[in-house]
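A.B. asks: Following this message is one structure expressed as structure tokens.
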Amino acid sequence: MQSRRLKKNSQFRLVYSEGKREAGTKVVIYFLKHESDSVVPGFVASKKIGKACQRNRAKRHMREIFTRLKDRFNDTNLWIVFVASFRPDECTFHEILADVESSLGRAGLISTNG
RNA sequence: AGAGGAGACGGGGUGAUCGCGGCGCGCAAGCGCUCGAGGAAAGUCCGGGCUCCAGAGGGCAGGGUGCUGGGUAACGCCCAGUGGGGGUAACCCCAAGGAAAGUGCCACAGAAAAUACACCGCCUCCGGUUUCGGAGGUAAGGGUGAAAAGGCGAGGUAAGAGCUCACCAGUACCGCCGGCGACGGCGGUAGCUUGGUAAACCCCACCCGGAGAAAGACCAAAUAGGAGAGAAGAAGCGGCCCGCUUCGCACAACUCUCGGGUAGGUCGCUAGAGGCUGCCGGCAACGUCAGCCCGAGACAAAUGAUCACCGCCCGCAAGGGUACAGAACCCGGCUUACAAGUCUCCUUUACCG
RNA sequence: UGGGGCGUCGUCAAGCGGCAAGACACGGGACUUUGGAUCCUGGAUCGGAGGUUCGAAUCCUCCCGCCCCAA
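Counting the first sequence from 1 gives a position; my numbering is that position plus 1030.
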């Protein structure tokens, strides 16, 4: 069973306009408190970062990062959007993981000690 | 050994852990060493299949293709040849029908860019008499241009000219031979010769109906029991006309337009012009037959992370690198991108034997 | 998935077979004590690669990049 995911354009627009923003050097995060039984993620990789292969890789990296961190969220009533602003062939998975982890910590969404 | 030419190959491997999508089993939790990106999946430049519009019909318009024969479901693709061009050669390149159906264009230069024509020349006559002017003939030579009215030699002439002749080139026609054919070879006749451009309009031959998986089918939900228009005709068909089909000939129904609402689920959805191997036919592309195999099916869209060992390349070493790139209904091509490589055949040059 | 358009000097652009206009900006010069203004002057392999033609920014083919539309 696939976990829930943000899919509709209207959902993304809602998070961008109503939610808060925390920018890291590699991934920009938008989040919004919203009634739900679990954290609902959305992943965005625009044409700016490369062609289809690079965009696919960026989404996979971000999805892997989310599944590693999802048990550490303080509040589950959350919609969160990850926007890639890195080029996947220029940085490693662990660099992106560290960047996302520090961003989420600054925003106070996850417990800082693993 | 150097320099080239043609073609082909694969696109790291094995194992473990966590996770993802599909499939199978199970009521379920879950279990399963059951499978999980490419040669280009790309660009979307062509051709089909499939689905719906009517079974895909006729004409016009529009578009495409353009040497011949073959292959194919089909093609603008491929194979084999013909003709032309390039290269010492291996080999490579070519949208390669028609310019005596018609129209247009050919800048500048030049006499003239196509009903041929005459600047400098050459020659004859007249006037004049150191240089010139006028009338006519002529196109060999000069000059211009990307391109100048067949080439060269001889005869001929006042000077010349296919004006005449020989040879050569080219055109048309005829005959014979070879080839399925494009065409090639040989011989003859004619007129002596009719510039280029059709990737300018065009003519000729052949081909093409339209839309596309958000195609299309079913289920469920929702707005709404909305408004306006239509006529003996209306709609289906999409550039137009015809034809055809359906509904109808006066409530309704139906169709269209406007406004509004959905875009959830299931199917289509992967076994196919499929792949591999072999025999036979064919120069080949390819085809017949036989055997074996099943190799993704998602939908904001599954392939990721970590580790170990072995490859390959760069480097003395530490270490670093390992392309292009991600299926979206499916096939056949074309085009473009591609790290480091491997193999086969061929040409040519140099040296040694 | 289907369709349409654009690319010319640093910027905005005209030109659609025959030496690539123009404006602003920039460089150089003149004028001025200097600067501004003014005047003169210079600069483009027409997105790339092939082909057609005597000749291509223009015509044809294939790529590259950008933008837009419909569902």
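All C-beta atoms in this analysis are idealised placements derived from N, C-alpha and C, irrespective of residue type, glycine included.
Given the structure is predicted, the values throughout are model-derived calculations rather than measurements.
Excluding sequence positions up to five away, which residues of its chain have a Cβ less than 7 Å from the Cβ of Ile1140?
C.D. replies: Leu1099, Arg1102, Phe1103, Asn1104, Leu1134
A.B. asks: If we ignore side chains and look at the alpha-carbon of each, how far apart do Ser1076 and Val1113 end up?
C.D. replies: Take the alpha-carbon of Ser1076 and the one of Val1113: they are about 8 Å apart.
A.B. asks: Where does the unbroken beta strand (DSSP E) through Arg1051 begin, and where does it stop?
C.D. replies: 1050 to 1053
A.B. asks: Ignore the nearest five residues each way along the sequence and tell me which others in His1064's own chain have a CB closer than 7 Å to its CB.
C.D. replies: Asn1107, Leu1108, Trp1109.
A.B. asks: When you compare the region 1069 to 1083 with the region 1032 to 1051, are there three or more beta-carbon pairs, one atom per stretch, that lie closer than 8 Å?
C.D. replies: yes
A.B. asks: Which residue wins for smallest C-alpha separation from Asp1129, given the options Val1058, Arg1034, Ser1047?
C.D. replies: Val1058
A.B. asks: Between which residues of its own chain and Phe1096 is the CB-CB distance below 6 Å, once the five residues before and five after are set aside?
C.D. replies: Cβ within range, chain order: Pro1071.
A.B. asks: Assuming Glu1052 and Arg1117 are in contact, meaning their beta carbons sit under 8 Å apart, how far apart are those beta carbons, in whole angstroms?
C.D. replies: With 8 Å as the limit, Glu1052 and Arg1117 do not qualify as a contact, their Cβ atoms being about 21 Å apart.
A.B. asks: Note down, one range per segment and in chain order, each beta strand (DSSP E) of at least 3 residues found wholly within the region 1077 to 1132.
C.D. replies: 1108 to 1114
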